[in-house]
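Inspection log for the structure reproduced underneath, given as structure tokens.
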């Protein structure tokens, strides 16, 4: 999972702290206009799907949101977690159109899809699950009939695993593969951490900047980006967990806020709490959450089924976006090659 | 999972609130002597395994701990979550001896093992996993050689599923089966909720009272006990999750406590917080945790692997306790029947 | 899985003998007209789905096909194994209409769905997977708004497990549950064995007669039927495996047949082979397949994914047939209750 | 999985042809002395574990067995498939000693463990499962206390996936990683195909020659060996499936042999069958097994549980062989880093 944690923060929760969503980073700043950040919103499917574009245009915006400059597109829809096949197909179509807007997909460009995360940890298995469901064609183009071969782009997909299991920086593995097969671009899919439980498994973020594969031992999380890989990188992520310390922190703040309204005499105490630097308050809570809590995350009960559905949505969106020329029948024909 | 929630608490977290451990219920009362509660502790394996007996001897004790009268034996060992086969075998042996102390296992008594919980939800799959690993013999005794048949008790095992999946009160299903096969006792295995994250997957509780299969829709959770089933019931459980609201509540309290020491001026505010009835504070937090949080739980990252190991420990303990006359070789011979 | 094996055949392959499909039983008799058996065929979805009704009308037919009198409806479509969501929805609709034809589903009748098989053995997990996906309503009707409650039938679902895991005859468990909750009918879903590998995971059979839960230890496989349960039983099954001995037997016969055409001098030998009673030849092969082979089955490589898809098709068909009044949105609303 | 199939054999079963075991290749040649092949046998654990060394010393041996020159060590023990923890630990110890005999493991040499196969296909998931269980240390050595760091070798592990899922030759992926992290040797773990069902999941083969990752689309299966990777390669494999056509072929031959003894008049026919070149007979059977059979394999019912146990045995053997200086306690300490 992605994380902005600095090496100086050893006891960050394993699933990455606070939020990986530009959307929430903005909310944390009050949600109003921010210098260097441009925001636009759209609704689809009669308002069932909300799309927000956050563009960080300069240094100021990057500093304000703690994320690199670039575009961050967020799809939000509660239907994602529900067992509603038609809604999921609609979301996949919307997602594929937004992907094409985010990054021009020249029909010939070869794409490597990288599924980050750990397939043995349900909420972290999103990337590997997508990899197991996308249509890969790089190896079969030569077998295709003339009329199809032209319409099929070379797509490959790998799930490199996490450093805790491989002992290798994920970046090193991806670099090694990119250097050998030389794709024109990389699309990295990962599970993320969010701040609001309502967004868990109900939000998809795409960005054209970079990914920090997370959950490694220590804090070595080398970026996957155009600079490190030498090809453009698009990141697709879904928040599947909330960091336990974040949950406590936010809930407490909101609770004390509510209590104050009724019992103003706590005002000075509340102020004091407010004045505690966000940083300090966060690490104080992390210390209080006993040793094991650093390793705990908050996730919904039905996570196994939901991760399956989400990986279908993203895999379908990628198939539509990357193989416009071919339908499901063709797909089945290849897959059975 | 077990839960003491009353029907008047609709938005209790799906995995049951606060704690299912008598041990923690006692800690919540300060941990000192409680009228009607007798406690004794022992250590095994050079202190690696701690066993605590909590006996609720009367009305007062039951009211104080919010649990029915009876014995609650707790094994605690951090080794449970670790990948340490020898330690797990040792723990299984200790567990089997405690089980024999808790309930006299007459060599002839037929036992039905009931694995409660949902095999599709990792932290709730403990019961069904144990069922898939225990040695069942009820159906094969007639096939056994003379010299073995005498030494093998009739053991059967079922995983009835959860009401959300079956549409049937778990108690109804178990009753129906008990009425047909008439075992001499029932051993119910279930995943529990605890209060301290350090106890998650590191604690096994056995009791001779009852189980409330949890996580049902609404609050219909009919007890499994001697009265409802007509045979003695022993409950074995492992806390695999912490209810999100509980985590927030406890952490906040401890945090404010610490802050007070340094910043006494918050005293009156803190008092106020303290005076907020436990009940009210809990529901206030549950409301604040947005709609979906009721459905969220806190669990460790490596839960899938840990639940596997825990189900091995418990299944082995049951095999040792219920089939003292037979060794692993015999076991394999039957299983291959 | 279903099996017609008699107790006198101890070394039948664990996954049941030759075929559970009335369709194939008929083919084994030459496929022509059989006294006491009536057959009709239909095609749907432009021939993509073939539906065959085999009705065994009397004693003679029952003896000829080795199956009880009654109706056997078979849907065949290669699309079942493919990853083609639209085709699966179409198949689910066709299946639901055939189910309604097979057994009148009075809008009020309470239904118990029984998922037979072992959720730890992929090709045998069909039944339990369907149970985990059907819409159960028995427990939530009282929570539903007036306008819905009337339209929602009481559906419950259980996966009793297999005798090898429970130590209990599956019939005993189901009887116990039926006696307590008294449904108006039982729908049993099970994985089957077929004779032709081309039919594996590409065929769904429904019948209004009975099911023999299979793969038990020894040969105790008590029937689930109207007589044993006291309510009508509809069986839905999919062949997911071919018994290894059957595969060998059929292939050998076809091979020798082909060889004969070119090398007539083998004629008398071939005759001899033909004259070997089917029974004897089968057990000869089973003996030759060494000890473990009785425990082996033949299954496709991608069985895990295919069983998932098949369980979706059947669960959707059941949801459509049993809850005509409600749409997917309603469904999601209940499931989130 | 490994396969010796030549591109000229398109319809070889997906799980590779006849046998990957040098042991069986030798049996197929009658089992007697073969020019260029040296064989020695040993027994351990009172005969419970049989170890066979097959050394192919020259061209002749290589041609005779259809495998490259080198050493092939085979451990055979029925206990592998049984649920017998102690036996598995013993087997792991024996395996680790044989591994050290097969390839000198200089205490400093950095090792990359490659888990071949598809984690979504149970019998093919052995390699990825081993990877998820071995102790990887490459990334944590710098965090270790002085006294340990010296004793811990740099071990890393990857599961590259199969070409059908990645679209990339497995060899390309492994090469890319090897070039970046430059290990001193590669240990590749893979599931294999055997000829005898009795050997399925009861045999472990190690060799110091090469691996052909199998089950790819078409027949592109580039070798992993010292030449292609630039570092020594040790292959560890377990036969988890029997190719369906092989099962038919072998069974038929044995059956006709038996029939002949009683009914000599078939002699000339049998001869004819014998004279049919092995090759031709195999493809004839493959054609007869209808289109889908190429995609079918024969595997035991309890494969899911058995693959888990086998991956434990191999992971433990690797941990013992690669980290002689450290015990399970240390291990747990690192893994919790």
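Residue numbers (my numbering), protein chains in the order written: chain A, 726 to 1062; chain B, 726 to 1062; chain C, 726 to 1062; chain D, 726 to 1062.
Note that CB positions come from ideal geometry on N, CA and C, so glycine has one too.
Along the region 888–902 of chain A, going in chain order, the ones with a CB nearer than 7 Å to a CB of chain D are 888, 890, 891, 892, 893, 897, 898, 900, 901, 902. Scanning chain B for C-beta atoms nearer than 7 Å to the C-beta of residue 905 of chain C yields 897, 900, 901, reported in chain order. Our two residues, residue 937 of chain D and residue 835 of chain B, have alpha carbons roughly 53 Å apart in a direct line. Of all C-beta pairs linking the region 849–862 of chain B to the region 853–865 of chain C, fewer than three are shorter than 8 Å, placing the two stretches out of contact. For residue 781 of chain C, the three-state secondary structure derived from DSSP is strand. Minimum Cα-Cα distance from residue 784 of chain A among the listed residues A/775, A/924, A/794 corresponds to A/794. Straight-line measurement puts the Cα of residue 748 of chain B at about 26 Å from the Cα of residue 1044 of chain B. For residue 845 of chain A, at least one C-beta of chain B is nearer than 8 Å to its own C-beta. In this structure, residue 961 of chain B places its C-beta atom within 8 Å of the C-beta atom of residue 929 of chain B.
As computed with DSSP, residue 880 of chain A is found in a beta bridge with A/836.
According to DSSP, residue 953 of chain A shares a beta bridge with no other residue. For residue 961 of chain B, the uninterrupted beta strand (DSSP E) segment begins and ends at 958–968.
Of the residues C/770, C/975, C/787, the one whose Cα lies closest to the Cα of residue 803 of chain C is C/770.
The residues 806, 926, 1025, in chain order, have a CB closer than 7 Å to that of residue 1031 of chain D in the same chain once the five nearest residues on each side in sequence are set aside.
By the Cβ-count criterion, residue 932 of chain B is buried, with 16 or more other Cβ atoms from all chains shown falling within 10 Å of its own Cβ. The shortest CA-to-CA distance from residue 917 of chain C to any of C/851, C/811, C/779 is the one to C/851. Those residues of the region 968–980 of chain A placed with their C-beta closer than 7 Å to a C-beta in chain B are 969, 972, 973, 976, 977, 979, 980, ordered along the chain.
Within 10 angstroms of the beta-carbon of residue 832 of chain A lie fewer than 16 other beta-carbons, which makes it exposed.
Residues of chain A whose Cβ lies closer than 7 Å to the Cβ of residue 810 of chain C are, in chain order, 810. As DSSP reads the structure, residue 797 of chain D sits in a beta bridge with D/779, D/932. For residue 839 of chain B, no Cβ of chain C is located within less than 8 Å of the residue's own Cβ. Residue B/913 holds the alpha-carbon nearest to the alpha-carbon of residue 963 of chain B among B/913, B/975, B/955. For residue 825 of chain C, the closest Cβ of chain B is not nearer than 8 Å. What residue 923 of chain C touches in chain B, judged by beta-carbon distance under 9 Å, is nothing: the nearest beta carbon there is about 32 Å away.
The three-state reading of DSSP puts residue 830 of chain B in coil, since its state is none of H, G, I, E or B. Beyond the five residues adjoining it in sequence on each side, residue 777 of chain A comes within less than 7 Å, by CB distance, of 748, 764, 766, 799 in the same chain, given in chain order. Distance from the Cα of residue 878 of chain D is smallest, within the candidate group D/837, D/757, D/965, for D/837. The shortest CA-to-CA distance from residue 958 of chain A to any of A/744, A/840, A/774 is the one to A/840. The beta carbon of residue 847 of chain B sits closer than 7 Å to the beta carbons of 1028, 1029, 1032 from its chain, once the five residues preceding and following it are set aside; these are given in chain order.
Taking residue 817 of chain D as the centre and dropping the five residues before and after it, the same chain places the C-beta of 1038, 1041, 1042 closer than 6 Å to its C-beta, in chain order.
Here the alpha carbon of residue 923 of chain A sits roughly 16 Å from the alpha carbon of residue 974 of chain A.
Look at residue 770 of chain C here: in three-state DSSP terms it is coil, with no helix or strand label. At least 8 Å separates the CB of residue 1039 of chain C from every CB of chain D. For residue 1030 of chain C, no CB of chain B lies under 8 Å from its own CB, so it is not counted at the interface with that chain.
Residue 1036 of chain A is outside the set of residues whose beta carbon lies under 8 Å from a beta carbon in chain D.
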